[in-house]
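Novice:
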Amino acid sequence: MIKKCLFPAAGYGTRFLPATKSMPKEMMPLVNKPLIEFGVDEAIEAGMTGMGIVVGRGKHSISDHFDHNYELEKEISGTPKEEKLKDIRKIMDTATFSFIRQRQMKGLGHAILVGQELIGDQPFAVVLADDLCINQEGDGVLKQMVALYEQFRCSIVAVEEVPEDEIHKYGVIKGSVIRDDIYRVDDMVEKPAPGTAPSNLAIIGRYILTPDIFEILKNTKPGKAGEIQITDALLAQAKSGCVLAYKFKGKRFDCGSVPGYIEATNFVYENLYEE
1 MIKKCLFPAA GYGTRFLPAT KSMPKEMMPL VNKPLIEFGV DEAIEAGMTG MGIVVGRGKH
61 SISDHFDHNY ELEKEISGTP KEEKLKDIRK IMDTATFSFI RQRQMKGLGH AILVGQELIG
121 DQPFAVVLAD DLCINQEGDG VLKQMVALYE QFRCSIVAVE EVPEDEIHKY GVIKGSVIRD
181 DIYRVDDMVE KPAPGTAPSN LAIIGRYILT PDIFEILKNT KPGKAGEIQI TDALLAQAKS
241 GCVLAYKFKG KRFDCGSVPG YIEATNFVYE NLYEE
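Taking the UniProt record's numbering, the leading residue of the sequence shown gets 1, the next gets one more, and so forth.
1) Return the first residue and the last residue of the alpha helix (DSSP H) that P259 is part of.
2) Select from R89, P211 and M188 the residue whose C-alpha is nearest the C-alpha of G223.
3) In whole angstroms, what is the alpha-carbon distance linking A245 and N266?
4) Does the region 43–63 come into contact with the region 94–107, if we say contact requires no fewer than three beta-carbon pairs (one atom in each stretch) closer than 8 Å?
5) If we ignore side chains and look at the alpha-carbon of each, how far apart do I204 and L128 end up?
6) So what does M188 bridge to, in DSSP terms?
7) Comparing alpha-carbon positions, which option in D41, I173, L142 and I36 lies nearest M1?
8) From the DSSP secondary-structure annotation, give me the bridge partner or partners of G50.
9) Decide yes or no for the touch test of the region 178–196 against the region 204–215: beta carbon pairs closer than 8 Å, at least 3 of them.
10) Reducing DSSP to helix, strand and coil, say where D254 ends up.
11) Compare the Cα-Cα distances from K218 to each of A111, D93 and E37 and report the closest residue.
12) Indicate whether V268 and L30 have their beta-carbon atoms separated by less than 8 Å.
13) Helix or strand or just coil, what does DSSP make of K247?
14) How about the region 123–139 and the region 71–91: do they share at least three Cβ pairs that are nearer than 8 Å?
15) Counting C-beta neighbours from all protein chains within 10 Å, is the total for R252 16 or more, i.e. buried, or is it exposed?
16) Name, in chain order, the residues that DSSP records as bridge partners for C242.
17) Could you give the DSSP three-state label for E274: helix, strand or coil?
18) Ignore the nearest five residues each way along the sequence and tell me which others in V56's own chain have a CB closer than 6 Å to its CB.
19) How many Å lie between K84 and E26 at the Cα?
20) Expressed to the nearest angstrom, what Euclidean distance is found between the alpha-carbon atoms of K59 and D130?
21) State the start and end residues of the unbroken beta strand (DSSP E) segment that holds A158.
22) Alpha carbons only, please: which of P34, L17 and M23 is nearest the one belonging to Y273?
23) Run through the DSSP bridge pairs and tell me what R101 is partnered with.
24) A111 lies in the alpha helix (DSSP H); which residues open and close that run?
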């Protein structure tokens, strides 16, 4: 049903300077595997094979990662080290990768709009690679959301409850309960001022979007921080149709922050890393 996944990956990653001065934050490793590869794995598990990546200047290492390195592969061919390339080779055999450059940083909504050429006129997923989502008890978050899309056929955002002192960092939804883990979105606010959030349900970096979002984004004026916000476009979509918010099953790590990145690294080392 949903075959394409868009990865906005043009940001500067300033919270991790100086490391991100020359390395994309999406390529920062959790032990021995870059953040963006975890997101691609999640998309493939959900049945997606077309990966569209919106990049900026200095992000060529992302495309290099999902391509052959003939010198390296020849050097380690036939040695035990070759086994370490098994997972990335499987990804390259399964998925195709397309890239487009976002020439100006105008917000997440703008990055998604730039990716329209890679998506076309079809529903698609969006993954923000610096949100690591792991569900050790069952399906990954995107696979859960695809199942919901097949039932409801509308845009879906993943949400989780966050503490009141952190809610101002997120897009926040207000919704009508459909079932314990699904809300119909009535309102949506980007980074509300302390004490003004409509709920404690914050949008995290997983979306299923219907293709009409592109036309809405074209008509969305700059909002918070002078950027084109996907939350503003989704609110317009919710008012004219339906947008759902889904409290996903699993654990999410905010790898865009230093504490979250360290927590994720420790979790991956202890639970997922194989020597």
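C-beta: ideal position from N, C-alpha, C; glycine also.
Specialist: Here's the rundown:
1) From DSSP, the alpha helix (DSSP H) with P259 extends over V258 to N271.
2) Among R89, P211 and M188, the Cα nearest to that of G223 is on M188.
3) Their backbone Cα atoms lie some 29 Å apart in a straight line.
4) They touch, by the three-pair rule.
5) Distance between the alpha carbons of I204 and L128: 8 Å.
6) I173.
7) The shortest C-alpha separation from M1 is found at L142.
8) When DSSP reads this structure, G50 sits in a beta bridge with K4 and T96.
9) Contact between the region 178–196 and the region 204–215 is absent, because fewer than three Cβ pairs lie under 8 Å.
10) Strand, per DSSP.
11) The shortest Cα separation from K218 among A111, D93 and E37 belongs to A111.
12) Pairing V268 with L30 gives a Cβ-Cβ distance under 8 Å.
13) DSSP places K247 in strand when its eight states are reduced to three.
14) No, the region 123–139 does not touch the region 71–91.
15) With 16 or more Cβ atoms within 10 Å of its Cβ, R252 is classed as buried.
16) BP columns for C242 are empty, so no partner.
17) If DSSP states are grouped into helix, strand and coil, E274 belongs with coil.
18) First, the residue type needs correcting, since residue 56 is Gly and not Val in the sequence shown. For G56, where only same-chain residues beyond five positions count, the Cβ hits under 6 Å are A10 and Q102.
19) Those two C-alpha atoms are separated by around 20 Å.
20) So the alpha carbons of these two residues sit roughly 15 Å apart.
21) Counting along the chain, the unbroken beta strand (DSSP E) around A158 starts and ends at S155 to E161.
22) If you compare the alpha carbons of P34, L17 and M23 with that of Y273, the shortest gap goes to P34.
23) The secondary-structure analysis by DSSP pairs R101 across a beta bridge with V55.
24) L108 to V114 is the span of the alpha helix (DSSP H), which, as asked, contains A111.
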